[in-house]
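Colleague: Residue numbers (this note's numbering): 6 to 507.
Heads up, the beta-carbon is just placed ideally off N, CA and C, and yes, glycines get one too.
Predicted model, so just to flag it, every value in this text is computed and none were measured.
#1: Within 10 Å of its beta-carbon, does residue 13 have 16 or more other beta-carbons around it, so buried, or fewer, so exposed?
#2: Between the alpha carbons of residue 30 and residue 207, how many angstroms are there, rounded?
#3: Whole angstroms is fine: what's the gap from residue 10's alpha carbon to residue 100's?
#4: Residue 225 and residue 182: beta carbons closer than 8 Å?
#5: Mind checking residue 504: buried by the 16 CB within 10 Å criterion, or exposed?
#6: For residue 427, is the classification buried or exposed, using 16 other Cβ atoms within 10 angstroms of its Cβ as the cut-off for buried?
#7: Excluding the 5 residues preceding and the 5 following residue 308 in the sequence, name in chain order all residues of the same chain whose CB lies nearer than 6 Å to its CB.
#8: So residue 238 and residue 231 are in contact, right, with Cβ under 8 Å, and what is the actual spacing, rounded?
#9: Output the boundary residues of the alpha helix (DSSP H) element that contains residue 295.
#10: Let's see if you can read the secondary structure: which residues bound the alpha helix (DSSP H) around residue 378?
#11: Below 8 Å on the Cβ atoms is my guess for residue 166 versus residue 498; work out the distance and round it to an integer in Å.
#12: Taking 6 Å as the limit between beta carbons, can you name the residues of its chain near residue 245, skipping five residues before and five after?
#13: Report yes if the C-beta distance between residue 447 and residue 454 is below 8 Å; otherwise report no.
#14: Just to confirm, are residue 119 and residue 41 a CB contact at a threshold of 8 Å?
#15: Pull up the CB-CB distance for residue 229 and residue 73, whole angstroms please, since I reckon it's below 8 Å.
#16: Assuming the contact rule is C-beta atoms closer than 8 Å, residue 195 and residue 76 should be a hit. Round their C-beta distance to whole Å, please.
#17: Between which residues of its own chain and residue 420 is the CB-CB distance below 8 Å, once the five residues before and five after are set aside?
#18: So if DSSP puts residue 440 in a beta bridge, which residue, or which two residues, is it bridged to?
#19: With DSSP as the reference, please indicate the residues paired to residue 229 in a beta bridge.
#20: Name the residue from 459, 122, 105, 267 whose alpha carbon lies nearest to the alpha carbon of residue 4.
#21: From 488, 49, 275, pick the residue whose C-alpha is nearest to that of residue 173; which is it?
#22: For the beta strand (DSSP E) containing residue 497, list its first residue and its last residue.
#23: Check whether the Cβ atoms of residue 301 and residue 331 lie closer than 8 Å to each other.
#24: Compare the beta carbon distance of residue 255 and residue 180 with 8 Å and say whether it is the shorter of the two.
#25: Going by Cα to Cα distance, which pick from 138, 94, 443, 252 is closest to residue 496?
#26: Consider the C-beta atom of residue 323 and the heavy atoms of the ligand FAD; say whether any pair is separated by less than 7 Å.
#27: Which same chain residues end up closer than 7 Å to residue 211 when comparing Cβ atoms and leaving out the 5 residues on each side of it in sequence?
#28: For the region 349 to 361 against the region 259 to 273, are there 3 or more C-beta pairs whose distance is under 8 Å?
#29: Inspect the CB distances between the region 280 to 294 and the region 380 to 398 and report whether three or more fall short of 8 Å.
#30: According to the Cβ coordinates, are residue 406 and residue 283 closer than 8 Å?
#31: Between the C-alpha atoms of residue 169 and residue 484, what's the straight-line distance to the nearest angstrom?
#32: Can you tell me which of 160, 334, 177, 336 puts its alpha carbon nearest to the alpha carbon of residue 310?
#33: What's the C-alpha gap between residue 65 and residue 473?
#34: Is residue 67 buried or exposed, if buried means 16 or more other CB atoms sit within 10 Å of its CB?
#35: Give the single residue among 491, 482, 90 whose Cα lies nearest to the Cα of residue 471.
#36: Terminal residues of the continuous beta strand (DSSP E) containing residue 419?
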């Protein structure tokens, strides 16, 4: 990065809505402040999108789908344009990194992984998936086996078609990653998109829009981006007649509202919601591997991840050893300025989220859990929304800290005496997103994992994180699957065409 880049990066971001291939900004719109969560300072402002803006974006996406070339292009042509987008984002990687650190408080190390560089690779993956032949199968049947009697041989084609206009509503924690998965899958499927990032973290979406405009041949109206949009816009997109599918990432509570809003038009939904994921550690597990680099704590992006392993379930015979390791490791987590390459954990997104997490910590203490470490602001950080890594022991399953998604750097430790009890504890949750099992033998680990009701289970390792692996939850953790081919298919319809050869 050149010396002057940090001072001018904001000038490279166009802070307006992108609708129908044009930039839109109502001068009367209320400005939305984007605040740096590490220091409380103003980063910039963006215009607040209105319901009218959302309606215009839906109309543009609808026109681009119904009248434009995008869904009718040859797969290889769509793939080429999505590849242009991926390479344009790669050229903007430094700009994306600065935006992600400033708006969301992700560490520089995370930007070099899951927050920026990995999503760009995933967009390249969606370009490859766009090349797939939409024809899934062909069938031939005679009169005897299902053909129309007396009308000769019957033929059938089973094909996938784009579902139509997709409204993509994303969360603040991994905004670029979420935007890439939703936009990339929709474009690969041949859909058009209205993207509504959260108002707290929307600068990366603005960067994506500018890349689409300046560096790709993607037609106008295929991607539309609404900045600074709140719940009223999300509600409109959920219920809008012109939207065919809503894909949403966020809390389970908001997911219910999205689903309810979509019900009036019976539109399809993909919901990636909350989690309270279990990290099961048996008595014969390798603790060095099981606790890993983060010591079994929830520190990645300050615990603001639906896949956080926030419930550590340990065999009762190793409870003390595990807790001792966690508490010993916690002070070594370097909490602070996320722009510092040595920082290991940054801030929570805003004051409201910080207060929410503190409320859970106070609830845990009030309900009788033991605060083994943390539970307060780390010393030497007078500004920003920082909390120390926090560990609770003596936790009962009926406590709020054991049942509700905290979305902060808080982990609870519970014990089990048998594999059966471990499975019961892991499944004693309204959520079912991910989980992990650590065991001395692969056979035992796989046996436990196969009985845990969650969409993704990792056994004796952190998981591959491959682009092509489906991602989604059981129970109240969501509906549908994202990532890779599963994500593309989730945004398609299956059509059967029957015809007779005379």
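Modeller: Reading it off the structure:
#1: By the neighbour-count rule (16 or more Cβ atoms within 10 Å), residue 13 is not buried but exposed.
#2: For the pair residue 30 and residue 207, the Cα-to-Cα distance works out to about 15 Å.
#3: Reliability of the predicted coordinates at residue 10 is poor, the pLDDT of 44 falling under 50, and the value obtained from them is presented with this limitation in mind. If I take the Cα positions, the gap works out to 9 Å.
#4: No; because the gap between Cβ atoms is not below 8 Å, this pair is not in contact.
#5: Around the beta carbon of residue 504, a 10 Å sphere encloses fewer than 16 other beta carbons of the protein chains shown; the residue is thus reported as exposed.
#6: So residue 427 ends up on the buried side.
#7: Excluding positions up to five away in sequence, the list reads 413, 414.
#8: Sure, about 6 Å apart at Cβ, within 8 Å.
#9: 292 to 296 is the span of the alpha helix (DSSP H), which, as asked, contains residue 295.
#10: Segment 375 to 378 is the beta strand (DSSP E) holding residue 378; no alpha helix (DSSP H) there.
#11: Between residue 498 and residue 166 the Cβ distance is about 5 Å, and since that is below 8 Å, they are a contact.
#12: Hits under 6 Å: 63.
#13: Residue 447 is not a Cβ neighbour of residue 454, given a cutoff of 8 Å.
#14: Judged by beta-carbon spacing, residue 41 lies beyond the 8 Å limit of residue 119, meaning their Cβ atoms are not closer than that value.
#15: Going by Cβ atoms, the distance from residue 229 to residue 73 rounds to 12 Å, so no, they are not a contact pair.
#16: With a beta-carbon spacing of about 4 Å, residue 195 and residue 76 fall inside the 8 Å limit used to define contacts.
#17: Excluding residues up to 5 positions away in sequence, 318, 319, 320, 321, 324 lie with their Cβ nearer than 8 Å to the Cβ of residue 420 in the same chain.
#18: Bridge partners of residue 440: 283, 462.
#19: For residue 229, which the question treats as bridged, DSSP gives the partners 199.
#20: The first residue shown for the chain is 6 and the last is 507, placing residue 4 beyond what the model contains.
#21: In terms of CA proximity to residue 173, 275 leads the group 488, 49, 275.
#22: First-last of the beta strand (DSSP E) with residue 497: 497 to 506.
#23: Yes, they are a contact pair.
#24: No. Outside cutoff.
#25: It is 252 whose Cα lies nearest to the Cα of residue 496.
#26: With respect to the ligand FAD, the structure offers nothing, as it holds no ligand at all.
#27: If we look at residue 211 and ignore the five residues flanking it on each side, its Cβ neighbours are 18, 19, 20, 230, 232.
#28: Judged by Cβ distances under 8 Å, the region 349 to 361 makes no contact with the region 259 to 273, as fewer than three pairs qualify.
#29: Touching, no.
#30: No, Cβ-Cβ distance for residue 406 and residue 283 is not below 8 Å.
#31: So the alpha carbons of these two residues sit roughly 19 Å apart.
#32: The option with the nearest alpha carbon to residue 310 is 177.
#33: Roughly 31 Å separates the two Cα atoms.
#34: By the beta-carbon neighbour count (other beta carbons within 10 angstroms, threshold 16), residue 67 is buried.
#35: Across the set 491, 482, 90, the C-alpha of 491 shows the shortest separation from the C-alpha of residue 471.
#36: Start and end: 415 to 421.
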